[in-house]
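**Student:** Those protein sequence lines, which keep their order, are chains A and B.
Numbering-wise, my numbering puts 10 at position 10 of the first sequence, and it's gapless, one number per residue.
Numbering-wise, my numbering puts 280 at position 280 of the second sequence, and it's gapless, one number per residue.
Quick reminder that beta carbons are idealized off the backbone N, C-alpha and C, glycines included.
Number of protein chains: 2
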Amino acid sequence: MLTEVGRLARAASRKMANAETKTKNQALCSLAGLLDQSQETILAANRLDIEAARASGMSDALVDRLILTQTRIDGLASDLRRVAGLADPVGERFDGTVLPNGLELWKQRVPLGVIGVVYESRPNVTIDVAGLAIKTGNAAILRGGKESMHSNRILAELSQKALAQSDLPAEAVQFIDNPDRALVLALLHLHEFVDIIIPRGGEGLHRFCRENSQIPVITGGIGICHIFVDESANADKALEVIRNAKTQRPSVCNALDTLLVHRAVAPAFLPRVVEFLAPAGVTFRADEAAMGYLSREESVQTAGPEDFDTEWMSLVLGLKVVGGLDEAIAHTNAHSMGHSDSILTEEDSHAARWVKEVDSAAVYVNASTRFTDGGQFGLGAEVAISTQRLHARGPMGLRELTTYKWVGKGAYQIRE
Amino acid sequence: MLTEVGRLARAASRKMANAETKTKNQALCSLAGLLDQSQETILAANRLDIEAARASGMSDALVDRLILTQTRIDGLASDLRRVAGLADPVGERFDGTVLPNGLELWKQRVPLGVIGVVYESRPNVTIDVAGLAIKTGNAAILRGGKESMHSNRILAELSQKALAQSDLPAEAVQFIDNPDRALVLALLHLHEFVDIIIPRGGEGLHRFCRENSQIPVITGGIGICHIFVDESANADKALEVIRNAKTQRPSVCNALDTLLVHRAVAPAFLPRVVEFLAPAGVTFRADEAAMGYLSREESVQTAGPEDFDTEWMSLVLGLKVVGGLDEAIAHTNAHSMGHSDSILTEEDSHAARWVKEVDSAAVYVNASTRFTDGGQFGLGAEVAISTQRLHARGPMGLRELTTYKWVGKGAYQIRE
């Protein structure tokens, strides 16, 4: 059954690759309009998912991720209209040259082809991915979580309707409408028809995809993020950056997890960190050296052996004293997941070494780690944040859903 | 055991990533010098492989792929010196911007990290890959074929010696010195330490890697290449291009496999193709329509059902009559492996549709398919020819052994 889904997606992707920008944008606006018109139907389908989730004893926090509201649907529609307004990367030419024999050669940006997306509860991903795939001329095969099956089904149907309304192939967005988990594995093996797998979810999902896929997987979305406060950092400004990175939205992957502090400034600086962040609800896990400068109070605990390998996703902050730049870089490369890491320093040579030697998707000098985001980086849209190294690293925008072909235009040249 | 190899490679890759261009080039020149000085030792090791291969009953053609000669070793050394002279892609900055809040943002090219290369008999791959890895600041884990184990071992040892002579980590080039096939599988599962797998060999090896790897694999090197002779093509020039694409080096992946001829010109053109190419030893597999225009002679046979899905690697050419551009594109997309396909036409609108709609790594207008090659494309060096779609498509040069990191340089900016 999935082979047929794949075959249809491949055929649709060829048509999508040749679609005009105008037509693709029209489909996006149609879909936005259908979301507006179908709010009642969508909310009714969503209620079925929510009731089933509650009946199964799902926690309120998890149920919350399933919930669509009028406001959330409005948000999806306005996102689609915004994506319609972005530049179309397909067709861009680059790296052009003329070979000595006169052959004109360039790279031309084309869609990736067929994108397989495996995601968990949030049904907004269905519209999000459908919209980005349509914009970039790709086909998408969507495999959402069982718990949002009703919501995903109606959202996928609307996507197909919008495609058909613009004379684009409805099969460019397909939804695997069957909760059997074996189908996830089948999708990961469909290399003949699927060009890339993008997991959207937790670490377990990413690992499952990486370990089982015969198709390249974009893994990411998990970060153990560091800030290193160097001896020369401006302490007042550093406190603001640390508070921002830790507390502005603690549940996301670019939030701060571990603060490294230079030994020379640790005695004065660490108590100020606790004083500045504790009122925001932050609690601390301090290594032995850091504990030496802090009074043991409710918010400060000694760090355990796993604490510097933990993505907190909450208002917990690891504190560690380091001897200097070398130790800061070594600790970061050993414990970071390669997402986002920042140095706070007034010393240019230290900044340069941090930038060069810290092996992460985003490295910062004197800035919050919270900037690692497609919207913040001006990409217009965000597909995923990649922490693997091939194809794309860090925030992926529309362009990262494309590849290129080489085009050679000649006058009957032959190879000598 | 392989975990330790991986751990050492990862550590070495961090040092290689920070190495100066000058130092890396020095290591390449050291290696070239060591090859010059060690010819006797290399040839002695190579003789052990050749004797074992002959004793095992290996065919002369396969044994030939194992053989190193003084000339071949000289060639390897001069390739290394040439690579030393190429520009270093590491450190290049691109896509720079300044965000509205003043944060300077750019992408900076960095090595991929650790490259796993799985290859078959040819021992030259050892030096080839070692050289490209050193140049691009990567570490490489090499897994050559059992049949060239002695040759590979000495070549890997010389690579390590050259690294050490330049104060670079010897572990940046590691060779899996054990013929146990289980180690290939272990390498493909070493995702913690290996960032990319590049198979160099036949279709079976590529399939094995794709199906078993937990690390992204660059598949490629296999092409069923097409030329479509449109109604408007210049017949005389077309014959030269076809002969070049088929006969200049028939055993390689960018050689022509299938010739598609527009129905309107088939009656006159097809007999000329046979007349022009048969003297070069070419034999033909013609579909029924093409047979109608050809006399059944020794070199012309009726095509069987698999013949248009065969990479010939020899002086065989498939011939097929098509109704026009639509059928030519549809046939090509259905039967090509996405490597290299060319249209011969004087009609710009047909050329444009071919370029847009044929979904291959390299698409040509009025040129031989034989140009798909890193050297021909001016890339300076060729790592592989990719027919998958992520990261790189078509010929991969030095730059394709790199990725990027995002660098954000600020003045204590925080996210609002």
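Give the single residue among B:Leu163, B:Gln174, B:Ile154 whose Cα lies nearest to the Cα of B:Ile115.
**Tutor:** B:Gln174
**Student:** How long is the line joining the alpha carbons of A:Thr136 and A:Ser13, rounded to whole angstroms?
**Tutor:** 10 angstroms
**Student:** In chain B, which residues lie less than 8 angstroms from A:Ser159 when you measure between Cβ atoms?
**Tutor:** Simply none; closest approach about 23 angstroms.
**Student:** Per DSSP, what are the beta-bridge partners of B:Cys225 in this structure?
**Tutor:** B:Leu256
**Student:** In the DSSP assignment, what are the bridge partners of A:Phe94?
**Tutor:** When beta bridges are read from the DSSP output, A:Phe94 appears opposite A:Lys107.
**Student:** How would you label A:Ala280, buried or exposed, when you count the other beta carbons within 10 angstroms and need 16 or more for buried?
**Tutor:** exposed
**Student:** Let's test the definition: count the other Cβ atoms within 10 Å of the Cβ of A:Met149 and tell me whether it reaches 16, buried, or not, exposed.
**Tutor:** Counting C-beta atoms within 10 angstroms of its own C-beta, A:Met149 has 16 or more neighbours from the protein chains shown and is therefore classed as buried.
**Student:** State the start and end residues of the unbroken beta strand (DSSP E) segment that holds B:Ser386.
**Tutor:** It spans 384-386 - the beta strand (DSSP E) in which B:Ser386 sits, taken as one unbroken run.
**Student:** Kindly indicate if chain A contains any beta-carbon less than 8 angstroms away from that of B:Tyr364.
**Tutor:** yes
**Student:** Just checking: is the beta-carbon of A:Trp106 within a distance shorter than 8 angstroms of some beta-carbon in chain B?
**Tutor:** no
**Student:** Specify, as a first and last residue, the run of the alpha helix (DSSP H) that B:Ser78 falls within.
**Tutor:** For B:Ser78, the uninterrupted alpha helix (DSSP H) run begins and ends at 70-85, by DSSP.
**Student:** In the DSSP output, which residue or residues are listed as bridge partners for A:Ala367?
**Tutor:** B:Gln413
**Student:** Taking its Cβ as the centre, do 16 or more other Cβ atoms sit within 10 Å of A:Ser59, making it buried, or is it exposed?
**Tutor:** With fewer than 16 Cβ atoms within 10 Å of its Cβ, A:Ser59 is classed as exposed.
**Student:** Are there 16 or more other CB atoms within 10 angstroms of the CB of B:Asn178, so buried, or fewer, so exposed?
**Tutor:** exposed
**Student:** Please confirm whether any heavy atom of the ligand ATP lies closer than 7 angstroms to the CB of A:Glu288.
**Tutor:** Looking at this structure, you won't find the ligand ATP or any other ligand, since it has none at all.
**Student:** Grab me the residues of B:Asp359's own chain with a C-beta within less than 7 angstroms of its C-beta, minus the 5 sequence neighbours each way, in chain order.
**Tutor:** Hits under 7 angstroms: Asn333, Gly338.
**Student:** Tell me whether the stretch 373-386 of chain A and the stretch 211-226 of chain A touch, counting them as touching only if at least three CB pairs, one residue from each stretch, are closer than 8 angstroms.
**Tutor:** yes
**Student:** Could you tell me the alpha carbon to alpha carbon distance between B:Pro111 and B:Arg399, rounded to whole angstroms?
**Tutor:** 9 angstroms
**Student:** According to DSSP, B:Ser340 sits in a beta bridge with which residue or residues?
**Tutor:** B:Ala362
**Student:** For chain B, find out if any of its Cβ atoms is closer than 8 angstroms to the Cβ of A:Gly204; answer yes or no.
**Tutor:** Put simply, the CB of A:Gly204 is far from chain B, with every gap to its CB atoms at 8 angstroms or more.
**Student:** Using a cut-off of 9 angstroms between C-beta atoms, extract the partners of B:Val322 located in chain A.
**Tutor:** Within 9 angstroms Cβ-Cβ: nothing; B:Val322 doesn't reach chain A, min ~17 angstroms.
**Student:** For the alpha helix (DSSP H) containing A:Phe276, name the first residue and the last one.
**Tutor:** 266-277
**Student:** Determine the DSSP secondary structure at B:Ile115, reduced to helix, strand or coil.
**Tutor:** strand
**Student:** So, are the CB atoms of A:Ala55 and B:Trp406 less than 8 angstroms apart?
**Tutor:** Note that the C-beta distance between A:Ala55 and B:Trp406 is not below 8 angstroms.
**Student:** Is B:Leu103 close to chain A, meaning its C-beta is less than 8 angstroms from at least one C-beta of that chain?
**Tutor:** yes
**Student:** Report the three-state DSSP secondary structure of A:Gly324 (helix, strand or coil).
**Tutor:** coil
**Student:** Inspect the beta-carbon positions of A:Ala125 and A:Arg143 and report whether they are closer than 8 angstroms.
**Tutor:** For the sequence presented, residue 125 of chain A should be read as Val rather than Ala. For A:Val125 and A:Arg143, no; Cβs fall outside 8 angstroms.
**Student:** Threshold first: 4 residues or longer. Then list the alpha helix (DSSP H) segments lying entirely within the stretch 159-234 of chain B, N to C.
**Tutor:** Taken in chain order, the whole alpha helix (DSSP H) runs of length 4 or more contained in the stretch 159-234 of chain B are 182-188, 203-212.
**Student:** If the cut is a Cβ gap below 8 angstroms, which residues of chain B does A:Gly113 touch?
**Tutor:** Asp359, Arg389
**Student:** Any C-beta of chain A within less than 9 angstroms: which residues of the stretch 169-203 of chain B qualify?
**Tutor:** The residues in question are His189, His191, Asp195, Ile196.
**Student:** Which term fits A:Leu62, buried or exposed, when burial requires 16 or more other beta carbons within 10 angstroms of its beta carbon?
**Tutor:** exposed
**Student:** Classify B:Val322: buried if its beta carbon has 16 or more other beta carbons within 10 angstroms, exposed otherwise.
**Tutor:** Buried, since its Cβ has 16 or more Cβ neighbours within 10 Å.
**Student:** Determine the burial state of A:Met1: buried for a count of at least 16 other Cβ atoms within 10 Å of its Cβ, exposed for fewer.
**Tutor:** exposed
**Student:** When you compare each of A:Lys22, A:Glu192, A:Ile127 to B:Ser336 by their alpha carbons, which one comes out closest?
**Tutor:** A:Glu192
**Student:** With a Cβ-Cβ cutoff of 8 angstroms, do B:Gly145 and B:Ser166 count as a contact?
**Tutor:** no
**Student:** Taking just the CA atoms, how far does B:Thr372 sit from B:Gly394?
**Tutor:** The alpha-carbon separation between B:Gly394 and B:Thr372 amounts to approximately 7 angstroms.
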